[in-house]
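Reading the sequence shown from the start, the letters are residues 2 to 197 in this note's numbering.
Here the structure comes first, spelled out in structure tokens, and everything after it is commentary.
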Amino acid sequence: TERSDRASDLEADSLKAFELRIQGCSDCGLCEGRNHVVFGGGNPTANIVFVGEAPGREEDLKGLPFVGAAGELLTKMIAGIHLDRQDVYIANIIKCRPPGNRDPQADEIERCEPHLLRQIELIQPSIICALGRFAAQTLLKSTTSIGRLRGKVYSYNGIKLIPTYHPAALLRNSQWKRPTWEDLKRLRFEYDGTQI
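Put into structure tokens, the structure is as follows:
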């Protein structure tokens, strides 16, 4: 569905305003070691939002999500379903890099997740792809493994949600590439009926 240019401009402005508002966030201890708040990036009126775990070293240095090796793979994954990275929006559960790329802690997720929820409200996507265990478990309020969560379509606040493996995990475990490709094909089909 095409939205009017005016509506797009208003949504982009409010998303940008929200991004500026949280640049100085100090809600948790992660603010002390960060270079940048990694808010997110892509199309502010995207119909598809990809949600990862947290920024890594490259992302923290550049202030953009998924710019390292996992980001390159994510770009290829998006291209594989005949979309461009500029067509979608990419964000993380956590906006600041945990030290040494450790897993986000429960209190960090609790304090940062409202930022992601607000982003999703402003973008109004029709579908979310949760990349990896942390994103899927956080959004679905589940402790089930990603291997068991993937392969299905869920509802997240009325928005379709498809969990799959994180691109960084695919770089380490090539046996997960096939199921991830199946998830991506499902994502594209759920989005607009395109069979790949």
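Glycine included, C-beta positions come from ideal geometry on N, C-alpha and C.
Is it the case that the Cβ atoms of Pro126 and Asn36 are separated by a distance below 8 Å? Taking C-beta atoms as the reference points, Pro126 and Asn36 fail to come closer than 8 Å.
Please go through the same chain and pick out, in chain order, the residues whose beta-carbon is closer than 7 Å to the beta-carbon of Pro168, but skip the five residues on each side of it. If you ignore the 5 residues before and after Pro168, its C-beta comes within less than 7 Å of the C-beta of Ala71, Leu74, Leu75, Met78, Leu132, all in its own chain and listed in chain order.
Secondary structure, alpha helix (DSSP H): runs of 4+ residues fully inside the segment 73-98: none
Would you kindly check if the distance between the Cβ of Cys130 and the Cβ of Cys32 is under 8 Å? Cβ atoms of Cys32 and Cys130: not closer than 8 Å.
Using a Cβ-Cβ cut-off of 6 Å (strictly less than) and excluding sequence neighbours within five positions of Arg151, which residues of its own chain qualify? Pro164, Thr165, Asp184
One or two residues paired with Thr165 in a DSSP bridge: Leu132
Can you find a heavy atom of the ligand ZN that lies under 7 Å from the Cβ of Phe67? The ligand ZN is absent from the structure shown, which contains no ligand whatsoever.
Enumerated in chain order, which unbroken segments of the beta strand (DSSP E) with a length of 3 residues or greater are wholly contained in the segment 145-190? 155-157, 160-165
Suppose you measure from the CA of Gly81 to the CA of Leu188; what does that come to, to the nearest Å? 12 Å
Rounded separation between Gly64 and Thr139 - CA only: 23 Å
Boundaries of the beta strand (DSSP E) in which Ile49 is found, first to last residue: 49-53
So, helix, strand or coil for Gly42, using DSSP? The answer is strand: DSSP assigns Gly42 an E or B state.
Cβ separation of Ile147 and Leu117, assumed to be a contact under 8 Å, to the nearest whole Å: Wrong, their Cβ atoms sit about 18 Å apart, outside the cutoff.
Best match in Asp193, Cys29, Glu54, Gly34 for proximity to Gly41 [C-alpha to C-alpha]: Glu54
Considering Cα atoms alone, identify which of Gly30, Asn102, Asn158, Val89 is closest to Glu59. Asn102
What is the DSSP secondary structure of Leu65, reduced to helix, strand or coil? It is coil, neither helix nor strand.
With distances taken from CA atoms, which of Glu109, Ile121, Asp193, Asp104 is nearest Phe19? Ile121
Please work out which residues of its chain come closer than 6 Å, Cβ to Cβ, to Lys161, disregarding the five sequence neighbours upstream and downstream, and give them in chain order. Once the five neighbours on either side are set aside, the close Cβ partners of Lys161 are Ile128, Val154, Glu191.
Under a three-way DSSP split, which group does Leu102 fall into? At residue 102 the sequence reads Asn, which differs from the Leu that was named. If DSSP states are grouped into helix, strand and coil, Asn102 belongs with the helices.
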